[in-house]
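Participant: Have a look at the structure that comes next, please.
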Amino acid sequence: MMNSIIVKDLVKTYGSVRALDGLNLQVEGGHIFGFMGPNGAGKTTTMRILTGLAKPTRGGAQVAGIDLARDGRDLTRHIGYLPEEPAFYPWMTPVEFLDYLGRLYGLQSKIRSQRGRELLELVKLDDSGRRRIGGFSRGMRQRLGIAAAMVNQPEVLLLDEPASALDPSGRKEVLDLIESLRGRCTVLMSTHILADVERVCDVVGIVAHGKMIVQSERQALLDKYALPMFEIEAGPEEILKRWSDSLHGQSWFTSAELTGNKARLAVSDVRLAKQELLPGALRFGLEIERYEELKPSLEDIFLRLVAGEEVK
Amino acid sequence: MNFTVVFRKELLEQWRTHKVLIVVAVLFFFGLTSPLLARYTPEMLAAIPNIPAGLSGIIPTPTVADAIGQYVKNLSQFGILLALLMSMGSVAQEKERGTAALILTRPVPRGTFLLAKFAGLALTFAVSLLLAALGCWFYTYLLFEALPWGAFLAQNGLMLLVFLVYVAMTLLCSTLVRSQAGAGGLAFGGLILLAGLGAIPRLAEYLPGQLFSWGVSLSLGAVKTAWPALWICLGLIVLFVGAAILVFQRQEL
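Okay, structure coming up:
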């Protein structure tokens, strides 16, 4: 599939501050891209450039096949954008607001009202469709923002922290909604909530100091950067210690961390470790209470990579 | 592109936020009361107890010119003030609140966004001024004599043009800064500057304020004109709105 978003050597400076420092990224059509990074890493600046709200100092980008520098005016029909804190006209109702956006896209009256109804139902605001937006909570505004971003059924959806203002059930609904878009449109979703990325994104990009540190498919990233770990709870403690000391000669073993009757083992070869770990422990006479292969977390990888970049 | 959609939203916003009501109410009030004040002020002065002897004799009998004079004096002050107050938040508030970013990522050129705002404000002032003129004409007819309709309408057209100069200037100020208060301050500075320039006799005949006196003379059948000031008014409107569009197109939101 072709790339829906291509960002090449993007630089953006504000006075002496370099918000983006040669950022590169590609998002394949139909994918959900998790754009992660600490605060001030350049996520929102990238979004603002991709929507045409800001201009790059150097470098370029293509969104939905449109070169922003050349045909930026055509872009608005192909994208949907949810800002970090979506703002609305407080005197309007959600029905009126979605109708207004529909008119801007030139949609027929019948289509406008039908799409408005569907979207409000989708974001669970159908009961509040005729209430003034001025009285909405932040979560309700966020949900309306998502509906607003989808009025034109965009090819590319740019979501800046889409679930940050939502309660757990609201977050689940929004993430389910984003997940349902997989294959239908390309989603670039910036967030600092790693659990959300782990749940819905199939490709992950980690940005720090305006640069892309790593971009990869989520599973490939986990496989590549996460240290495979095993945890064993067994006794007696002195045998556990002797056994863990004995592992140092093994080719698949990296390190061990002992806490009471619990040993956390880092390994370099998961397959070999799985074959030899348990039989070896039993040979030592350990009574095993629990044995677990720990799932690598994106959070660990994120923190490690960002910390590595801080050191540089 | 999409001008009518944004224009319609601007009108709806002015209606829902009661901006139309405020402009109509203020201008209509002064339209109605100006001939009344002109007609009854001398009588009210004369009715003051213990007025020095002879003073009531020198208070002139009110005429239709007093009614028109009062009308122009009141509306020029309050109309310009309203032009500043109603326009200062038009762009700055949308930038400050974030609605500009949400709307301008849709198929709305920035020029269209500004032109629709200007047109919405222009229509509000035109309707309000028309109602004020109707009120003024009616009371002037009741208390003095009928004003020539065509000339009186032309006078109000000239007044509208002056108001639009200030609307356009404030729109530019609102585009330049990010806060409503800042836009208001900047526009007030522009107002002071224009007033200061108006105090220079040779320059005054080229400035917007000259259209007020041309309007009065039109309604009273005099021959005074101020064509240079009219062209300068039109030029200023085009200049301010054009500058606002150019600035806005280069601005990052």
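Chains as they are written, first to last, in this note's numbering: chain A, 59 to 370; chain B, 28 to 280.
Glycine is no exception: its CB is placed at the ideal position from the N, C-alpha and C atoms.
None of the values given here were measured: they were computed from a predicted structure.
Listing by chain order, which chain A residues have their CB less than 7 Å from the CB of B:Asn-29?
Facilitator: The count along the second sequence starts at 1 and reaches residue 29 of chain B at position 2. The answer, in chain order, is Leu-162.
Participant: At what residues does the beta strand (DSSP E) containing A:Gly-263 begin and finish?
Facilitator: Indexing the first sequence from 1 puts residue 263 of chain A at position 205. Taken as a continuous stretch (DSSP letters only), the beta strand (DSSP E) holding A:Gly-263 covers 261 to 266.
Participant: Let me know if B:Ala-73 comes out buried or exposed under the rule of 16 or more other beta-carbons within 10 Å of its beta-carbon.
Facilitator: One-based indexing of the second sequence puts residue 73 of chain B at position 46. It counts as exposed.
Participant: From the beta carbon of B:Glu-232, is the nearest beta carbon of chain A less than 8 Å away?
Facilitator: Your numbering for residue 232 of chain B matches position 205 in the second sequence. So, not an interface residue.
Participant: At 4 residues or longer, what runs of the alpha helix (DSSP H) sit wholly inside the stretch 283 to 322 of chain A?
Facilitator: Whole alpha helix (DSSP H) segments, 4+ residues: 295 to 304.
Participant: Using a Cβ-Cβ cutoff of less than 6 Å, which residues in the same chain neighbour B:Gly-138 once the five nearest sequence positions on both sides are dropped?
Facilitator: Counted from its first residue, the second sequence places residue 138 of chain B at position 111. Correct list, in chain order: Ile-272.
Participant: In angstroms with no decimal places, state the Cα-to-Cα distance between A:Asp-157 and A:Phe-91.
Facilitator: Residue numbering aside, residue 157 of chain A sits at position 99 when the first sequence is read from its first letter. Residue numbering aside, residue 91 of chain A sits at position 33 when the first sequence is read from its first letter. Whole-angstrom Cα-Cα distance: 29 Å.
Participant: When you compare the CB positions of B:Leu-180 and B:Val-51, do they come within less than 8 Å of one another, or not?
Facilitator: Counting from 1 along the second sequence, the entry for residue 180 of chain B is found at position 153. Counting from 1 along the second sequence, the entry for residue 51 of chain B is found at position 24. Taking 8 Å as the Cβ cut-off, B:Leu-180 and B:Val-51 do not qualify as a contacting pair.
Participant: Does any CB atom of chain B fall closer than 8 Å to the CB of A:Tyr-349?
Facilitator: Locating residue 349 of chain A in the first sequence gives position 291, counting from the first residue. No, A:Tyr-349 lies away from the interface with chain B (no Cβ there is under 8 Å from its Cβ).
Participant: Quick test of the definition: if touching needs 3 or more C-beta pairs under 8 Å, does the stretch 171 to 185 of chain A touch the stretch 137 to 147 of chain A?
Facilitator: Because the criterion of three Cβ pairs below 8 Å is not met, the stretch 171 to 185 of chain A and the stretch 137 to 147 of chain A do not touch.
Participant: Rounded to whole angstroms, what is the Cα-Cα separation between B:Leu-109 and A:Leu-78?
Facilitator: In the second sequence, counting from the first residue as 1, residue 109 of chain B sits at position 82. In the first sequence, counting from the first residue as 1, residue 78 of chain A sits at position 20. B:Leu-109 and A:Leu-78: Cα-Cα distance of roughly 44 Å.
Participant: The beta strand (DSSP E) with A:Tyr-72 in it runs from where to where?
Facilitator: The residue labelled residue 72 of chain A in the question sits at position 14 within the first sequence. Taken as a continuous stretch (DSSP letters only), the beta strand (DSSP E) holding A:Tyr-72 covers 61 to 72.
Participant: Under 7 Å from any heavy atom of the ligand SAH, does the C-beta of A:Asp-260 make it?
Facilitator: Ligands in the displayed structure: none, and consequently the ligand SAH is not present.
Participant: In the DSSP assignment, what are the bridge partners of A:Arg-116?
Facilitator: Position 58 of the first sequence, counting from 1, holds the residue named residue 116 of chain A. DSSP lists A:Val-69 as partners of A:Arg-116.
Participant: Determine the chain A residues that contact B:Ala-73 at a beta-carbon separation under 9 Å, and present them in chain order.
Facilitator: Your numbering for residue 73 of chain B matches position 46 in the second sequence. Per Cβ cutoff of 9 Å: no residues; B:Ala-73 is ~50 Å from chain A at best.
Participant: Which residue's Cα is closest to the Cα of B:Pro-87: B:Asn-101, B:Thr-68, B:Lys-144 and B:Phe-34?
Facilitator: Taking the first residue of the second sequence as 1, we reach residue 87 of chain B at position 60. Nearest C-alpha to B:Pro-87: B:Thr-68.
Participant: Pick out whichever of A:Leu-217, A:Met-208, A:Arg-135 and A:Arg-189 has its Cα sitting closest to the Cα of A:Met-94.
Facilitator: Against the first sequence, residue 94 of chain A aligns to sequence position 36. Answer by Cα proximity: A:Leu-217.
Participant: List the whole-angstrom C-beta distance separating A:Ser-326 from A:Trp-301, where the pair is believed to meet the contact cut-off of C-beta under 8 Å.
Facilitator: Here residue 326 of chain A corresponds to residue number 268 of the first sequence, with the count starting at 1. Here residue 301 of chain A corresponds to residue number 243 of the first sequence, with the count starting at 1. Wrong, their Cβ atoms sit about 18 Å apart, outside the cutoff.
Participant: Are the stretch 145 to 158 of chain B and the stretch 36 to 50 of chain B touching by the rule of at least three beta carbon pairs closer than 8 Å?
Facilitator: In short, these stretches touch, since the Cβ pair count reaches three.
Participant: Near B:Leu-213, what residues of its chain come up, given a Cβ to Cβ distance below 6 Å and the 5 sequence neighbours on each side ignored?
Facilitator: In the second sequence, the residue the question calls residue 213 of chain B occupies position 186. Excluding residues within five positions, the ones whose Cβ falls inside 6 Å are Cys-200.
Participant: Using the C-alpha atoms, what's the distance from A:Glu-275 back to A:Glu-86?
Facilitator: Translated into positions along the first sequence, residue 86 of chain A becomes position 28. Translated into positions along the first sequence, residue 275 of chain A becomes position 217. One C-alpha to the other measures close to 11 Å.
Participant: Quick check: the Cα distance between A:Asp-260 and A:Thr-244, rounded to an integer number of angstroms?
Facilitator: Looking up residue 260 of chain A in the first sequence gives position 202. Looking up residue 244 of chain A in the first sequence gives position 186. Going from the Cα of A:Asp-260 to the Cα of A:Thr-244 covers about 11 Å.
Participant: Please list the residues of the stretch 109 to 120 of chain A that have a C-beta atom closer than 9 Å to any C-beta atom in chain B, keeping them in chain order.
Facilitator: Answer in chain order: Thr-109, Gly-110, Leu-111, Ala-112 and Lys-113.
Participant: Three or more beta-carbon pairs under 8 Å between the stretch 100 to 112 of chain A and the stretch 226 to 235 of chain A, yes or no?
Facilitator: Counting Cβ pairs under 8 Å, fewer than three are found: no touch.
Participant: Skipping 5 residues on each side, what residues in its chain have a beta carbon closer than 7 Å to that of A:Leu-159?
Facilitator: If you number the first sequence from 1, residue 159 of chain A lands on position 101. Excluding sequence neighbours, A:Leu-159 sits near Ala-206 and Val-209.
Participant: Rounded to whole angstroms, what is the Cα-Cα separation between B:Leu-198 and A:Asp-132?
Facilitator: Taking the second sequence and counting its residues from 1, one reaches residue 198 of chain B at position 171. Taking the first sequence and counting its residues from 1, one reaches residue 132 of chain A at position 74. So the two alpha carbons sit approximately 27 Å from each other.
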